[in-house]
Amino acid sequence: MSLSSHASKFAAPRVDAAGRMALIGLNLLEMQEALAIHDLPKFRAKQVWNWIYQRGLTRFEDMSNLPKDMRTLLSDYYSIERPEVITEQRSSDGTIKWLLAMTDGQQIETVYIPEENRGTLCVSSQVGCTLTCRFCHTGTQPLVRNLGPHEILQQILHARDVLKEWPEINEKSGPQNGRDLTNIVMMGMGEPLYNYDNVAKALKICMDEDGLCISKRRITLSTSGVVPQIHQCGEELGVNLAISLHAPNNDLRSSIMPINNKYPLEELLEACRTYPGINENRRITFEYVMLKDVNDSDDTARELAHILDGIPCKVNIIPFNKWPNSDFECPSRNRIMAFARILEEAGLDAPIRRPRGEDILAACGQLKSESQRLKKPESH
Ligand code: SAH
Ligand code: SF4
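Using the numbering used here, you'd call the opening residue of the sequence shown number 125 and step up by one each time.
This is how it looks when you write it as C-alpha cells:
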C-alpha cells in the first residue's frame, strides 16, 4: 500500500529528505499503523517501539530480534531521528546546556542539571514564547512556534544518549536503570499549556512503562497560569504542577506578567486548590522570582503567605537571573533570606533555589535561542 493512501490517518506523518517516515513521537497505535503500511504485524511494531524507547537504538540494523530483510526494509522506509546538536556547553557546576536544531532550522535549548540524589532535565515546549513576562529572556524572542511531540521527546532521548542512560542489551530495562537522568521538568523555553496536546502526547510516551518509563511523580510541568488547561493536565497526565506566581496581587502580577490580565490570581489559585490529586504529600510548587524593589518586601511576603493559606504547597524562591539588557536586579542575599523567613514563619516551605549553570546562561529565565545571541559570545 502506498504511503499517501494512509497519510490521512496520521496527524502529521513526517518524512525526511529521503522520503522515510519518522517514527519518534508516534504513540504505539500510530507506530503499528505506520508499519502496517509495509505489512508488518503489530508485534513487530511493539518490538521496534521497545528498541527505540527502552534501549535507545537509532539504527534498525541493530534490532537483533528482527529478521535481516525486515531491518533492511525498515531502514529504507522509516527513520529514528535525533536532533542536530549545534552547541553543547558545560558549566563548572556540572550543568549541561544543549542548543538543538530542529529539521526546519529552528533552535531550542535543553538543560541538564545534576544534583546530589537526582538529575533533572529541563525541557522546552516551544521555540520562544508568545508570553512576555518582563523578567524572562525567552519572552523577548521574536520567533515562536510549538514543538511537536517528537521534538519534545528528542530532547529527552538526546540527553539519555549523552548521559549513557540506556540499559545494555542484556540488562533489564526499566526505571531502575535511570541513574543520572531521573526527573523531567517542563520548564525550558515556552509555555507548555499553550502547546498542551503535543506536550501531553510526548509526556504519555515518557511515562509509559514500555516507553521511557519515567514516573509521573518525577515529572513537573510549569505554567505561567493558563487556567483553562490546568485541570485537564492534572486529570489526564497527573504530573506535578508548578506555577510561576511571582506576585501576590493582581496589580503587581499584571505589571510583570501580562497573562494575569487574562487569567487573574483568584482564578489561578482556585485552579490550584482543585488540581486533581493535590494533597499534603503532593503539593503544588509556586515559583517566585525575586526582583529587587518590585516584589521583595516584607509586606509582599506577608501578602503571599496570606493568599496561599490552605493550599498544599511550597514556594520555590528563585533569585533573579540576569540576562543581557534586562530591566531588573536581584535583591541582596539578606533581603531574600528575610523574605523566605517570613514565609517559613507562616508555615510555608520556602527553599531558596541555588542558581545553576549561570556561567553558560542556562539558569531559569535565561534561555533564548535567537541566532543573534550566538553572534555575541561576550554576553555569555
Ligand atoms: N513558561 C513556563 C515554563 C518556563 S519555566 C512558566 O513560565 O512557568 C521557567 C521558570 O523560570 C518560570 O518560573 C519563570 O517565571 C522563571 N524565570 C523566568 N525568567 C527568570 C529569570 N530571569 N530569573 C529567574 N527565574 C526566571
Ligand atoms: Fe514564557 Fe514562562 Fe518566560 Fe513567561 S516566564 S515569557 S511564560 S517562558
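Ideal Cβ positions, reconstructed from N, Cα and C, are used throughout, including at glycine.
> How is residue 167 classed by DSSP in three states: helix, strand or coil?
Replying inline: helix
>> By alpha-carbon positions, which one of 346, 303 and 276 ends up nearest to residue 288?
In response: 303
> What span of residues does the beta strand (DSSP E) with residue 194 cover, start to end?
Replying inline: Premise fails: residue 194 lies in the alpha helix (DSSP H), 192-201, not in any beta strand (DSSP E).
> Beta carbon of residue 394: closer than 7 Å to some heavy atom of the ligand SF4?
Replying inline: no
> residue 477: which of 409, 161 and 365 sits nearest, CA to CA?
Replying inline: 409
> Measuring CA to CA, which of 474, 221, 163 and 256 is closest to residue 349?
Replying inline: 256
> So is residue 316 buried or exposed if we call it buried at 16+ other beta carbons inside 10 Å?
Replying inline: buried
>> Does the beta-carbon of residue 253, which I'm using as the reference point, lie nearer than 7 Å to any heavy atom of the ligand SF4?
In response: yes
>> Rounded to the nearest angstrom, what separates residue 300 and residue 452 at their Cα positions?
In response: For residue 300, the pLDDT reaches just 48, beneath the cut-off of 50, and the residue's location in the model is therefore unreliable, leaving the point undetermined.
> Any heavy atom of the ligand SAH closer than 7 Å to the CB of residue 444?
Replying inline: yes
>> Bridge partners for residue 233 per DSSP, in chain order?
In response: 223
>> Considering only DSSP beta bridges, list what residue 145 is partnered with.
In response: 139 and 202
>> So, at 7 Å on beta carbons, what are the nonlocal neighbours of residue 142 in its own chain, with the 5 sequence-adjacent residues on each side left out?
In response: none
>> Here's the rule I'm using: 16 or more other beta-carbon atoms within 10 Å means buried, otherwise exposed. How should residue 153 be labelled?
In response: exposed
> Pick from 470, 475, 320 and 431: whose alpha carbon is nearest that of residue 390?
Replying inline: 431
> Taking the C-alpha atoms as reference points, what is the distance between residue 146 and residue 161?
Replying inline: 13 Å
>> In the DSSP output, what is residue 438 paired with across the bridge?
In response: 409 and 473
> Exposed or buried, what is residue 455 when buried is set at 16 or more other beta-carbons lying within 10 Å of its beta-carbon?
Replying inline: buried
>> Checking 8 Å against the spacing of the C-beta atoms, do residue 213 and residue 247 come in under that value?
In response: no
>> Looking at the ligand SF4, does it come within less than 7 Å of residue 260, judged from the CB to the closest heavy atom?
In response: yes
> Tell me which same chain residues have a C-beta within less than 8 Å of the C-beta of residue 140, skipping the five on either side of it?
Replying inline: 146, 203, 205 and 227
>> So the candidates are 292, 286, 340 and 284; which of them puts its Cα closest to the Cα of residue 310?
In response: 340
> Is residue 240 buried or exposed, if buried means 16 or more other CB atoms sit within 10 Å of its CB?
Replying inline: exposed
> Which value, in whole angstroms, describes the spacing of the CA atoms of residue 486 and residue 191?
Replying inline: 45 Å
> First and last residue of the beta strand (DSSP E) that includes residue 486?
Replying inline: It is not in any beta strand (DSSP E) - residue 486 carries neither H nor E in the DSSP assignment.
> Assuming residue 261 and residue 491 make a contact with CB atoms under 8 Å, what is their CB distance in whole Å?
Replying inline: 6 Å
>> One question on the structure: do residue 467 and residue 415 come within less than 8 Å of each other, judged by their Cβ atoms?
In response: no
>> Taking 6 Å as the limit between beta carbons, can you name the residues of its chain near residue 440, skipping five residues before and five after?
In response: 409, 411 and 477
> What separation, rounded to the nearest whole angstrom, lies between the Cα atoms of residue 462 and residue 422?
Replying inline: 8 Å
>> Using CA atoms only, rank isn't needed, just tell me which of 336, 371 and 324 is closest to residue 345.
In response: 324
> Within the present structure, is the beta-carbon of residue 313 separated from the nearest heavy atom of the ligand SF4 by less than 7 Å?
Replying inline: yes
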